[in-house]
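Novice: The sequence shown begins at 150 in this note's numbering and counts up by one. Note that CB positions come from ideal geometry on N, CA and C, so glycine has one too.
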Amino acid sequence: MSKNKKKGKGTTSRWILISVLVVLAGVTYFLFFSGMSRTGNETYIQIDEDDNIDSVYAKLQPLSTPQGFWVFKQIAGVMGYAKKIRPGRFVVGSSGSLQTSRHIINGLQAPVKVTIRSVRTIDDLATDVSEKLMFTRAELLSRLKSKEVCKKYGFTPETIPAMFIPNTYDFYWNTSVDKFLDKMSEENKKFWNFERKEKAKQAGFTESEIVTLASIVDEETDNEAEMPKIAGMYINRLHLNMPLQADPTVKFATKNFTAHRIYQKWLTIDNPYNTYKYRGLPPGPIRIPSVAAIDAVLNYVHHDYIYMCAKEDFSGTHNFAKTYEEHQKNAAKYAKALNEHGIN
């Protein structure tokens, strides 16, 4: 055989080998490194504590490409995953089948973003949080209504809303309710830095009292520019030992949150949150206030106003007054506007 024929046969063999390697590389990439999500978009699988291997497969298969699901089953079998299933929330789709499988099998979770909103009640808070994390609404509510649990964090069931600072936080989906509360307590302590604590002290209030007043301010207006002025008005009334007579506290006491008018019969309701009947601050916040409202109270405007009434233009801002006579005029203008618009 000539040298040229041998050379040609050797070249052909090398190309065949290269072709096989390329195909194997392509198959390997297709199976192990291409996206695992069936839709091509990032999605999540939630694995519960009581899941077994069959229920995990049942959850994962509809989310995965056929090849991705096959890869997971092979790796799960080799790794003995059926005997050590880890609960959690895992990404399916942003990474290849190999990496996704590794994350699920090793329990490497994707964090869940939980937003603490400025809401009216702890029931609303519990609904929001339980929709994001594994524990139930009832579990969280039972803790928040427990005197012992609240005391652990320095609060009472009435003041516990003050522990929650509106923001977005990262949690793992299977975070326990107690770990969740521990984290919220830590975030509260971070929020109350030296500067905020000093301002509260100078104003003559505890941190919980600041938040309680902020909750009233937050209910009075969405206008952040006006919040420090409203806070100053209520602080003036407290200093004068006048009842706050804050309409939002009456709404809270009667659970008439959407009322546009405060009726005379409501003002005599025997409820500690009724600041027409009881002097001083109510027992606790009437909502989880915004950070803007808390800082507005800490940086309240010093002035001589002791009355305010919603403006007749329904702008959400207020007319302020130093005397009751002036306040009565403002109240009459607002009542007239309500009547003209047929608002009860």
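1) How long is the line joining the alpha carbons of A311 and T214, rounded to whole angstroms?
2) What residue does the alpha helix (DSSP H) around V278 start on, and which one ends it?
3) Expressed to the nearest angstrom, what Euclidean distance is found between the alpha-carbon atoms of T417 and I411?
4) Leaving out five residues on either side along the sequence, give the residues of the same chain with a beta carbon under 8 Å from the beta carbon of V366.
5) Here's a check: name, in chain order, each residue in its chain whose Cβ is nearer than 8 Å to the Cβ of K208, leaving out the five neighbours to either side.
6) By Cβ distance below 6 Å, which residues in the same chain neighbour E356 in space, the five residues on each side in sequence not counted?
7) Would you please state the rounded distance, in angstroms, between the beta carbons of F329 and L293? I believe it to be under 8 Å.
8) Under a three-way DSSP split, which group does K233 fall into?
9) Alpha carbon to alpha carbon, how far is S295 from E149? Give it in angstroms, no decimals.
10) Mapping the DSSP letters down to three states, classify M457 as helix, strand or coil.
11) Which of the three DSSP states, helix, strand or coil, is assigned to I265?
12) Would you kindly check if the distance between the Cβ of E358 and the Cβ of F401 is under 9 Å?
13) By how many angstroms is the C-alpha of Y456 removed from the C-alpha of A481?
14) Quick check for students: name the residue ranges of the alpha helix (DSSP H) that lie wholly in the stretch 189-215, counting only runs of 4 or more.
15) Which residues bound the beta strand (DSSP E) around D319?
16) N468 bridges to which residues according to DSSP?
17) To the nearest angstrom, report how far apart P431 and L362 are at their CA atoms.
18) Once DSSP output is grouped into helix, strand and coil, what is the label at A484?
19) Going by alpha carbons, who is nearest to G429 out of W415, I254, G217, N390?
20) Run the CB neighbour count on G353, radius 10 Å, all protein chains shown included, and call it buried at 16 or more, exposed below.
21) Comparing C-alpha positions only, which one of V205, W415, F313, P211 sits nearest to I271?
22) Below 7 Å CB to CB, which residues in the same chain sit around V360 once its five sequence neighbours on both sides are set aside?
23) Alpha carbon to alpha carbon, how far is T407 from K485?
24) With DSSP collapsed to three states, give me the class of R251.
25) My output table needs one value for R238: the three-state DSSP class, helix, strand or coil.
26) Within its chain, find whatever has a CB closer than 7 Å to the CB of T285; leave out the 5 residues flanking it on each side and keep chain order.
27) Count the other CB atoms within 10 Å of the CB of W164; is the residue buried (16 or more) or exposed (fewer)?
28) Is the beta carbon of N316 closer than 9 Å to that of T264?
29) Is the separation between the beta-carbon of L289 and that of V261 shorter than 9 Å?
30) So, is A374 buried or exposed, given that buried needs 16 or more other C-beta atoms within 10 angstroms?
31) I need the straight-line Cα distance from G256 to G226, nearest angstrom please.
32) Note down the Cα distance separating S267 from N337, rounded to an integer number of angstroms.
Specialist: So, to answer that:
1) Going by the C-alpha atoms only, they are around 47 Å apart.
2) For V278, the enclosing alpha helix (DSSP H) covers residues 271-279.
3) Taking the straight line from one Cα to the other gives about 11 Å.
4) In the same chain as V366, and ignoring 5 residues on each side of it, the C-beta atoms closer than 8 Å to its own belong to M376, I379, A380, Y383, P438, A442, A445, V446, in chain order.
5) Once the five neighbours on either side are set aside, the close Cβ partners of K208 are I194, Q195, I196, D200.
6) Only W341, A349 meet the Cβ criterion.
7) Contact between F329 and L293 does not hold, since their C-beta atoms are separated by about 11 Å, which reaches or exceeds 8 Å.
8) Collapsing the DSSP output to three states places K233 in coil.
9) In the structure as shown, the chain begins at 150 and stops at 493. Residue 149 is therefore absent and cannot be evaluated.
10) Of the three classes helix, strand and coil, the one that applies to M457 here is strand, per DSSP.
11) Per DSSP, reduced to three states, the secondary structure at I265 is strand.
12) Cβ distance not < 9 Å, so F401 and E358 don't count as in contact.
13) For A481 and Y456, the distance between alpha carbons rounds to 14 Å.
14) Listed in chain order, the complete alpha helix (DSSP H) runs (minimum 4 residues) inside the stretch 189-215 are 202-209.
15) In the DSSP assignment, D319 falls within the beta strand (DSSP E) that extends over 316-320.
16) The beta-bridge partner set that DSSP reports for N468 consists of C458.
17) Near 9 Å, if we compare the C-alpha coordinates of L362 and P431.
18) In the three-state DSSP reduction, A484 falls in the helix class (H, G or I).
19) The shortest C-alpha separation from G429 is found at N390.
20) So G353 ends up on the exposed side.
21) Ranking V205, W415, F313, P211 by Cα distance to I271 puts F313 first.
22) Same-chain partners within the cutoff: A311, P434, P438, I443.
23) One C-alpha to the other measures close to 19 Å.
24) Three-state DSSP puts R251 in a helix.
25) R238: strand per DSSP, three-state reduction.
26) Within the same chain, T285 has close Cβ partners S279.
27) Model confidence at W164 stands at a pLDDT of 48, short of 50, so the residue's coordinates are unreliable; what they give is reported in the following sentence. Exposed is the call here.
28) The answer is yes: Cβ separation under 9 Å.
29) No.
30) Answer is exposed; the Cβ neighbour count stays below 16.
31) Straight-line Cα distance between these residues: approximately 16 Å.
32) Going by the C-alpha atoms only, they are around 15 Å apart.
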